[in-house]
Amino acid sequence: MFKIFVNSWKVKEIRNKILYTLLILAIVRLGAHIYLPGISATTIKAYTDLYSTGTLYNIIAGGAGSSYSIFALGIGPYITSSIIMQLLCVAIPSLEALSKEGEEGRQKINSYTRYVTVILAALQGTGIVLNYRTMMTNPSTFNVIAAIITVVAGSIFIMWLAEQITAKGISNGASMIIFVNIVSSLPQAINALVGYCQSGTTGIIKVVAILILLLVVIIFIVRINDGERRLPVQYSNKMAGRRMGGGSSSTFPIRVNTAGVLAIIFSISLLQFPETISGFMATKPAWLETVINVLKMTHPVGAILYVVFIYFFSFFYTSIVINPNEIAENMKKNGGFIPGIRPGQPTANYISRVVDRITLVGAVCFSAVALVPIIMQWIFKINVGFGGTTLIIVVGVCLDIVKALESQLLMRHYKGFLD
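Each residue of the sequence shown is one higher than the one before, counting from -19 in this note's numbering.
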């Protein structure tokens, strides 16, 4: 891996892309420390010292303090909008046809994604500002409206930065921004572990056990990300003039983590939906407070629902991405077949069974990894602030960066890489 980075740095074009990406990520981190108008840094520090929970949302946004910055929404609305558009492209025939029209169709869908992002940012931004208006030095109507506009503009700017990284940088821009925000919270987590070590021998034993567990989880995530089931595909011989052609064999890969982290993001969004709605209320009803507490992932009911949602969305998203009938039909048109399986509907049924089994394995693995921080908090009584979902994102982005650099080096036939 380090050799790939060294070789990439030697290529001027790739080096410029890396520097460009780092510049944009620096802008993202700088904006995370510019607070909303009307909110003082002293008030924020006092509030976060008392109520900072190290939730996944805060970590992805860049830390608890980032929740009060001009980038308070982060890349969240854009990711949610992208997921919604992917689902609509399957549910609405006109959008599905548009997505198959090549570059022009993708550009139109990207435009619709941006419009949905603005709407989601406006809704979420209003909720955030109304929830934080008690922290403003002067919570007047003008200051509240100015803060809402600032949050929405910050989210749109983050979306634009993500698109710039995708177009001119390395890897996926949205993933890179989430990655750098998660990594930025790492020093706080390290300080927390150091504090536990200073509490005595028991604290040291707990920290060592946590570090070993996290190392095992990282190795497990890498294996899951690379895991796939390869179905053998045989292509029959074809006559081309007077010559017999074809007869080749290939494989059709089915990834274990087809849904990936999207299933987890959907699950967390549903569990945190009541808390998001409460941000629009001046006073929270007692029943709503109870619902919010029960749906927290540290609560047994919330943890069970979390796993159930991961299973549901894993199968749901996989069914959208992988269409066994379409795959079987394409194989039949190209003269391909799976050995021992008849072409057509039997092939579709076989692929469907294999996909269901692989998806079940992926859902079990990802739900187990996602529960790691919750289990650690139950057992060790320590809120690490990272693990599970954040590790899945970090490891996944790192692997994507390596693959992106590999592909760019291969396209340029870099002899240092090919040796």
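We treat Cβ as the ideally placed atom computed from N, Cα and C, and that holds for glycine.
Discussion item. Can you tell me whether M277 is helix, strand or coil according to DSSP?
Written reply: coil
Item to complete: Look up T121 in the DSSP assignment and say whether it is helix, strand or coil.
Response: Reduced to three states, the DSSP call for T121 is helix.
Practice prompt. Evaluate F253 with the Cβ neighbour count: other Cβ atoms within 10 Å of its Cβ, from every protein chain shown; 16 or more gives buried, anything less gives exposed.
Written response: exposed
Worksheet entry | Rounded C-alpha distance that separates E84 from V131 | 31 Å
Discussion item. When you compare the region 174 to 194 with the region 205 to 216, are there three or more beta-carbon pairs, one atom per stretch, that lie closer than 8 Å?
Written reply: no
Worksheet item: Among A169, F346, I307, which has the Cα closest to the Cα of S332?
Response: I307
Discussion item. Is the beta carbon of S165 closer than 8 Å to that of A239?
Written reply: no
Item to complete: Name, in chain order, the residues that DSSP records as bridge partners for S49.
Response: Y15
Worksheet item: Whole-angstrom Cβ separation of I162 and I55, contact assumed at under 8 Å?
Response: Between I55 and I162 the Cβ distance is about 12 Å, and since that is not below 8 Å, they are no contact.
Worksheet item: With distances taken from CA atoms, which of T298, L251, A266, P265 is nearest L275?
Response: Residue L251 is the option with its Cα nearest to L275.
Discussion item. Using only CA atoms, which one of A133, A52, V70, S135 lies nearest to Y112?
Written reply: A52
Discussion item. Quick test of your reading: M65 and I89, contact by CB under 8 Å. State the CB separation rounded to the nearest angstrom.
Written reply: 6 Å
Worksheet item: Should A266 go down as buried or exposed, given a rule of 16 or more other Cβ atoms within 10 Å for buried?
Response: exposed
Discussion item. I'd like to know if the region 168 to 175 and the region 338 to 357 are in contact, where contact means that at least 3 CB-CB pairs between them fall below 8 Å.
Written reply: no
Worksheet item: What first and last residue would you give for the alpha helix (DSSP H) that runs through V341?
Response: 325 to 350
Item to complete: Name the residue from V109, A6, L379 whose alpha carbon lies nearest to the alpha carbon of F122.
Response: V109
Worksheet entry | Contact set for V375: own chain, Cβ-Cβ below 7 Å, skip 5 residues either direction | Same-chain partners within the cutoff: I198, I201, V202, N205.
Worksheet entry | Nearest residue (CA-CA) to S230, options N305, I318, L242, L141 | I318
Worksheet item: Which one or two residues does DSSP pair with L211 in a beta bridge?
Response: F232
Worksheet item: Should A102 and I136 be called a contact, given that it needs their Cβ atoms to be closer than 8 Å?
Response: In this structure, I136 does not lie closer than 8 Å to A102 by Cβ.
Discussion item. Please state the DSSP three-state secondary structure of G458.
Written reply: In the structure as shown, the chain starts at -19 and stops at 399, and residue 458 therefore has no counterpart that could be examined.
Worksheet item: When the Cα of N329 is compared with those of G315, A348, E309, which residue comes out closest?
Response: E309
Worksheet item: Can you give the Cα-Cα distance for L68 and L75, rounded to whole angstroms?
Response: Roughly 7 Å separates the two Cα atoms.
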